[in-house]
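Participant: Just passing along the structure, written as structure tokens.
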Amino acid sequence: MINDAQNKIAKNEDLKRDLEALEKEHPEGIYLSGALLMFAGSKSYYLYGASSNEFRDFLPNHHMQYTMMKYAREHGATTYDFGGTDNDPDKDSEHYGLWAFKKVWGTYLSEKIGEFDYVLNQPLYQLIEQVKPRLTKAKIKISRKLKRK
């Protein structure tokens, strides 16, 4: 248990040094995460969020969620809806990380209708589904090359 605590302290010290270096490298700041928050009456809804894979170790989404919850409360919200995810997915599921992130906040899970695709043009839909992963990979490669320059 002491070794675990010492490892966490060492990791946090490394992260702090990395953050300080980033601050010097980018004095104007950099975006680590972002989200959309909506209000309807006294309810607030976290619609969508994302974070940089490059800086994921800094856990920017945790700070962002905390900040958005405070903002929602300050603006009259009595509830904060984290949005949907699978209900108790397997650890191998691609949605497990999202579920675990939302669960760690002590959230109440409620099942909703979910999402689905209603296909109006089957050939176009199939083409998009085949091309989309390739475009995503190409975008990541281009982004990495641009960052190296």
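Numbering-wise (my numbering), the sequence shown opens with residue 1046 and increments by one. No residue lacks a Cβ here, since even glycine has one placed at the ideal position from N, Cα and C.
Just mark Gln1110 as buried or exposed, buried being the case when its beta carbon has 16 or more other beta carbons within 10 Å.
Facilitator: buried
Participant: Which residue spans inside the region 1057-1120 form an unbroken beta strand (DSSP E) run of at least 3?
Facilitator: The region 1057-1120 contains these whole beta strand (DSSP E) runs: 1078-1085, 1088-1096.
Participant: Tell me, to the nearest whole angstrom, how far the beta carbon of Asn1106 is from that of Ser1096; I am working on the premise that it is less than 8 Å.
Facilitator: 5 Å
Participant: So, with DSSP's three-state summary, where would you put Tyr1153?
Facilitator: coil
Participant: Just to confirm the assignment, what range does the beta strand (DSSP E) spanning Tyr1163 have?
Facilitator: No beta strand (DSSP E) contains Tyr1163, which DSSP labels as neither H nor E.
Participant: Classify Asp1131 as helix, strand or coil using the three-state DSSP reduction.
Facilitator: coil
Participant: Rank Ile1185, Ala1085, Arg1101 by C-alpha distance to the C-alpha of Ser1078 and give the top, closest one.
Facilitator: Nearest option by C-alpha distance: Arg1101.
Participant: According to the neighbour-count rule (16 or more other Cβ atoms, all chains shown, within 10 Å of its Cβ), is Trp1150 buried or exposed?
Facilitator: It is exposed - the Cβ of Trp1150 has fewer than 16 other Cβ atoms within 10 Å.
Participant: Going straight from the alpha carbon of Leu1092 to that of Thr1152, what length do you get?
Facilitator: Leu1092 and Thr1152: Cα-Cα distance of roughly 16 Å.
Participant: What span of residues does the beta strand (DSSP E) with Lys1137 cover, start to end?
Facilitator: According to the sequence shown, residue 1137 is Asp rather than Lys. Where Asp1137 is concerned, there is no enclosing beta strand (DSSP E), given that its DSSP letter is neither H nor E.
Participant: Would you report the Cα separation of Glu1068 and Glu1119, rounded to the nearest angstrom?
Facilitator: Going by C-alpha positions, Glu1068 is about 29 Å away from Glu1119.
Participant: Does Leu1082 pass the burial test, meaning 16 or more other C-beta atoms within 10 Å, or should it be called exposed?
Facilitator: buried
Participant: Tell me which residues share the same chain as Ser1087 and place their Cβ nearer than 8 Å to its Cβ, disregarding the 5 neighbours each side in the sequence.
Facilitator: Gly1121, Ala1122, Thr1123, Thr1124
Participant: Going straight from the alpha carbon of Lys1147 to that of Phe1103, what length do you get?
Facilitator: So the alpha carbons of these two residues sit roughly 17 Å apart.
Participant: Just to confirm the assignment, what range does the beta strand (DSSP E) spanning Thr1124 have?
Facilitator: 1124-1126
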